[in-house]
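Chemist:
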Amino acid sequence: MIDGVHIVKVGAEATGGAYEVFEVEAPQAPPAPPHRSPWAAALYLLDGALTVHVDGRSYQLAPGATVAVPAGAAYTVEVTGAAARFLAFTTGDGAGRLFADLAATVPADRPFAEIMPLLQQVIRRHSVTVA
40 MIDGVHIVKV GAEATGGAYE VFEVEAPQAP PAPPHRSPWA AALYLLDGAL
90 TVHVDGRSYQ LAPGATVAVP AGAAYTVEVT GAAARFLAFT TGDGAGRLFA
140 DLAATVPADR PFAEIMPLLQ QVIRRHSVTV A
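Structure (structure tokens):
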């Protein structure tokens, strides 16, 4: 989620690199293209509404609902209300490194077409591919 704010709740350094936990705050915006990452994730919706598309299936989440995303699955997250807040549990330490790199490299206030080359460079560095 390019427009989401990712707040580290449990960093990989606290888990020996086994997993990470993030709180994600995201406004309604066009979803990122479906993509694949080398880490698995579980999303737990706190507030708002989400539709999570995983390998061609769509899951509509209301607060309290969860969805699992296997490593390597093609997925995207769509905020279907005004905004959403959810917890993302990810395996390994790759998601945190990706989010930190995105925050440091890709300007949040620029048009998507302008940041696309930077975004592609960052995701390649972290073994994320567009599905």
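First residue of the sequence shown? That's 40 in the working numbering, and the numbers climb one at a time after it. Using N, Cα and C, we set each Cβ at its ideal position, and we do this for glycine too.
#1: Can you name, in chain order, every residue of its own chain whose Cβ lies under 8 Å from the Cβ of Ser-97, other than the five neighbours on each side?
#2: When DSSP labels each residue in this structure, what does Gly-95 get in the three-state scheme?
#3: Between Ala-121, Pro-102, Thr-129, Phe-125, which lies nearest to Val-108 when the distance is taken from Cα to Cα?
#4: Which two residues bound the contiguous alpha helix (DSSP H) that contains Pro-156?
#5: Just verifying my parser: in three-state terms, what is the DSSP assignment at Thr-144?
#6: Of the residues Arg-164, Pro-150, Ala-127, Ala-65, which one's Cα is nearest the Cα of Leu-141?
#7: Figure out for me which residue from Leu-84, Asp-132, Ala-110, Thr-105 has the closest Cα to the Cα of Ala-57.
#8: Which of helix, strand or coil does DSSP assign to Ala-51?
#9: If you drop the 5 nearest sequence neighbours on each side, which residues of the same chain put their C-beta closer than 8 Å to that of Pro-73?
#10: Check Gly-135 in the structure and name its three-state DSSP category.
#11: Using beta-carbon positions only, say whether Val-118 and Ala-81 come within less than 8 Å of one another.
#12: Less than 8 Å separating the beta-carbons of Leu-84 and Phe-125?
Modeler: Inspection of the coordinates gives the following:
#1: Translated into the one-based positions of the sequence shown, residue 97 becomes position 58. A distance below 8 Å between beta-carbons, with the five flanking residues on each side excluded, links Ser-97 to the following residues of its chain, in chain order: Thr-90, Val-91.
#2: Here residue 95 refers to the residue found at position 56 of the sequence shown. The answer is coil: DSSP assigns Gly-95 none of H, G, I, E or B.
#3: Here residue 108 refers to the residue found at position 69 of the sequence shown. In terms of CA proximity to Val-108, Thr-129 leads the group Ala-121, Pro-102, Thr-129, Phe-125.
#4: Locating residue 156 in the sequence shown gives position 117, counting from the first residue. The continuous alpha helix (DSSP H) containing Pro-156 extends over residues 151-164.
#5: For the purposes of this step, residue 144 is identified with residue 105 of the sequence shown, where counting begins at 1. The three-state reading of DSSP puts Thr-144 in helix, counting H, G and I together.
#6: For the purposes of this step, residue 141 is taken as the residue at position 102 of the sequence shown. Of the listed residues, the one whose Cα sits closest to Leu-141 is Arg-164.
#7: The residue labelled residue 57 in the question sits at position 18 within the sequence shown. Answer by Cα proximity: Asp-132.
#8: The sequence position of residue 51 within the sequence shown is 12, counting from 1. It is helical.
#9: Position 34 of the sequence shown, counted from the first residue, corresponds to residue 73. If you ignore the 5 residues before and after Pro-73, its C-beta comes within less than 8 Å of the C-beta of His-92, Ala-113, Tyr-114, Thr-115, Val-169, Ala-170, all in its own chain and listed in chain order.
#10: In the sequence shown, counting from the first residue as 1, residue 135 sits at position 96. Helix.
#11: Walking along the sequence shown from the start, residue 118 turns up at place 79. Walking along the sequence shown from the start, residue 81 turns up at place 42. No, they are not a contact pair.
#12: Here residue 84 is taken as the residue at index 45 of the sequence shown, counted from 1. Here residue 125 is taken as the residue at index 86 of the sequence shown, counted from 1. Judged by their CB atoms, Leu-84 and Phe-125 are nearer to each other than the 8 Å cut-off.
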